[in-house]
Every structure is written in structure tokens, then in C-alpha cells.
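Here is the structure we will look at.
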Amino acid sequence: MDPSEIARHKHIPSEVRWGDTKIVELPAGAFPAPIPFPTTQIVRVEYERPTTWALALVCDVPTGLVGEGASIFLVEFQAIIGVGSTSVTIKAGQFALTAASLALSDNQVSTFLQVPSKDIQIGAKVTPPGVVATPEQFVFSALACPIVK
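This is how it looks when you write it as C-alpha cells:
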């Protein structure tokens, strides 16, 4: 998402806007085994009563990210539903990115789902293959909207 587009939506009052965009930096270098970088929290929703939420989760992937062989970057969205001892973590979306899959995706992956809860935290992480040739930036966006009947 273009930064000017993000800024244009900042005038919407925070009490009706549950969403954000975060950039996850992936440094260049060799990794002894595919290890995930820490999860980055994108949005946290706290609502006065339980409801069903529509979630839109999007990741803009760097152009030319996977250019060699069968390198696989794993992009994952996680949702923590509930609070404290009554919470559960789910994989809200997971994408294995290869040169072939990115050629078909316009360098963007997304998923949409509905989740019943009062409190939700949405995070994202990237798991690189063994070697990353150049530093890369993944742009994660999440939007949560209550479904009104």
C-alpha cells in the first residue's frame, strides 16, 4: 500500500478504525536453518462486547524476492483470539512463496476470514530460506471490522 494512501485514511476516528500497516525488515545474510523472525503485532482490537469480525490480511512482497531455484519464503499471519487463559493462537493465513507462486500473485498475498471474539491481536512473521541475498522489506496490512447484522 502506498504511504500516501495510508496517510489519507488517518483522519478516520480511531474508535471506528481497527487496522494498520507494518514493515518487517529482513536482513541479508546466511541463516543456518530456516528460522522465523519474531512476530510483529499489526493490530489489536478490544471491543465492549463479543462480535464476529471480518479480517482482511495482506502482505506486499518485495519485487524480485525469490529469483533462484526452489527458495521458499514463508509468510504467516497469526491471530490471538481472546484474553489471558481464555485465548488461543491460530494461523490466520500462511503462504509459501517461490518464484513460480510470486509470478502468479503480482507480489501480493492476501486472505479474508471471519472470527468471533471480543479481543483480537493480529501479527505477522517471515521465515526466510537459508540465504537472503539482499535486505528486503515485507509490508503487512491488517484490517478488522465488526460484522453488523
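Per our numbering, the sequence shown runs over residues 55 to 203. From the three backbone atoms N, C-alpha and C, an ideal C-beta is built for every residue, glycine too.
Can you give me the Cβ contacts of residue i inside the same chain, cut-off strictly under 6 Å, excluding the 5 residues immediately before and after it?
i, result
"threonine 165", "Leu111 and Gly147"
"isoleucine 176", "Ile96, Val97, Ala133 and Ala196"
I need the straight-line Cα distance from residue i to residue j, nearest angstrom please.
i, j, result
"phenylalanine 192", "alanine 82", "13 Å"
"proline 104", "glycine 136", "10 Å"
"valine 99", "cysteine 113", "20 Å"
"proline 108", "valine 169", "The identity of residue 108 in the sequence shown is alanine, whereas the question assumes proline. Rounded to the nearest angstrom, the two C-alpha atoms are 7 Å apart."
"valine 186", "threonine 143", "29 Å"
"phenylalanine 194", "phenylalanine 131", "9 Å"
"serine 141", "threonine 106", "16 Å"
"leucine 156", "glycine 138", "37 Å"
If you drop the 5 nearest sequence neighbours on each side, which residues of the same chain put their C-beta closer than 7 Å to that of residue i?
i, result
"alanine 150", "Ile126 and Leu128"
"leucine 167", "Leu109 and Ala146"
"alanine 84", "Gly184 and Val185"
Compute the distance between the beta-carbons of residue i and residue j, then report whether it is under 8 Å.
i, j, result
"glycine 73", "alanine 178", "no"
"isoleucine 174", "alanine 198", "yes"
"asparagine 161", "threonine 117", "yes"
"lysine 76", "threonine 94", "yes"
"valine 180", "valine 78", "yes"
Could you pull the start and end residues of the beta strand (DSSP E) that residue i belongs to?
i, result
"serine 171", "162 to 181"
"glycine 136", "No beta strand (DSSP E) holds glycine 136; DSSP gives it neither H nor E."
"alanine 196", "190 to 200"
Can you tell me whether DSSP reads residue i as helix, strand or coil?
i, result
"alanine 154", "helix"
"threonine 105", "strand"
"threonine 140", "helix"
"proline 75", "Residue 75 is actually threonine in this sequence, not proline. Strand."
Ignore the nearest five residues each way along the sequence and tell me which others in residue i's own chain have a CB closer than 8 Å to its CB.
i, result
"tyrosine 101", "Lys172, Asp173 and Pro200"
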